[in-house]
Structure formats: C-alpha cells, structure tokens
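K.L.:
Sharing a structure here in structure tokens format.
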Amino acid sequence: MKFTTRKLVTIVGEAALESRLIRDVMALGAKGYTITDAHGTGPRNQRNGDLEGGNIKIEIVTDPETVDKIVEKLSTDYFPHYACSCWISDVEVLREDRY
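All residue numbers in the sequence shown are consecutive under this note's numbering, ending with 169.
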C-alpha cells in the first residue's frame with residue numbers, strides 16, 4: 071500500500087463557533103472534517119468545558135497550502151476574539167485523493 075503525507079489540523083474551540091469554523095475551513099479548501107466534543111483546561115484554567123455550549127475538537131486532514139490558509143484565518147479572525155487553539159501534525163494517509 072502507498073501512503074501519502076498530509077497535514078492534520080486540530081482545532082479546539084467553543085462549540086458555539088462550530089458552524090462558522092466549518093464554513094470557513096471548507097471555503098478555504100478543506101474536503102472534509104471530523105468533529106467531537108472536547109473538554110479540558112488551559113494554562114489560564116478558564117475553559118474546562120463546563121461553560122454553556124462546551125468545546126469541540128475539529129480535525130481536518132489536508133495539504134500544506136490549505137493548512138496555511140486555515141492557520142491564517144484562525145490567527146486573524148478567531149484567536150484574538152475567542153477561546154480556541156490549533157496544532158498541526160504530519161499524518162500518512164491512504165487514498166490521497168480524499169484529502
């Protein structure tokens with residue numbers, strides 16, 4: 071089997087942002103995503119998932135160019151205003167055309 075390297079973008083943020091985040095990442099070139107409920111705490115101990123609406127984790131497997139667009143959008147439109155974070159990982163995928 072042949073694996074292809076892609077990037078995994080993981081975004082954790084307020085559940086209230088779900089539809090807006092999905093609209094933006096799809097418009098920026100993502101072909102799909104996975105969303106799960108999330109809870110935890112950060113360095114300021116202010117978000118623990120107990121607040122109304124909780125948190126979500128969005129995972130997007132995509133190419134490096136789309137990652138750059140997503141990170142730029144998060145940096146300008148989300149990070150200054152909302153409780154959210156993002157990290158990028160290298161992943162190996164089968165069926166590269168799906169990502």
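Here a beta-carbon is modelled for each residue, glycine too, at the ideal position from N, C-alpha and C.
1) Under the DSSP definition of a beta bridge, which residues are partnered with residue 145?
2) Could you work out which residue in 94, 76, 72, 81 is closest to residue 143 when comparing CA atoms only?
3) When the distance is taken between beta carbons, is residue 127 closer than 8 Å to residue 82?
4) Using only the alpha-carbon positions, how far apart do residue 118 and residue 85 sit?
5) In angstroms with no decimal places, state the Cα-to-Cα distance between residue 125 and residue 148.
6) Could you check the C-alpha separation between residue 72 and residue 169 for me, to the nearest Å?
7) If we count the other Cβ atoms within 10 Å of its Cβ and call it buried at 16 or more, is residue 97 buried or exposed?
8) Does any CB atom of chain E fall closer than 8 Å to the CB of residue 137?
P.N.:
In this structure, then:
1) None, per the DSSP bridge assignment.
2) When only C-alpha atoms are compared, the closest one is 94.
3) Contact flag set, yes.
4) The pLDDT assigned to residue 118 is 48, lower than 50, so where the model puts this residue is not dependable, and the model offers no usable value.
5) Rounded to whole angstroms, the gap between the alpha carbons of residue 125 and residue 148 is 14 Å.
6) Spanning the two alpha carbons is a distance of roughly 14 Å.
7) In summary, residue 97 is exposed, with fewer than 16 beta-carbon neighbours lying within 10 Å of its beta-carbon over all protein chains present.
8) Absent here is chain E; the protein component of the structure consists of one chain.
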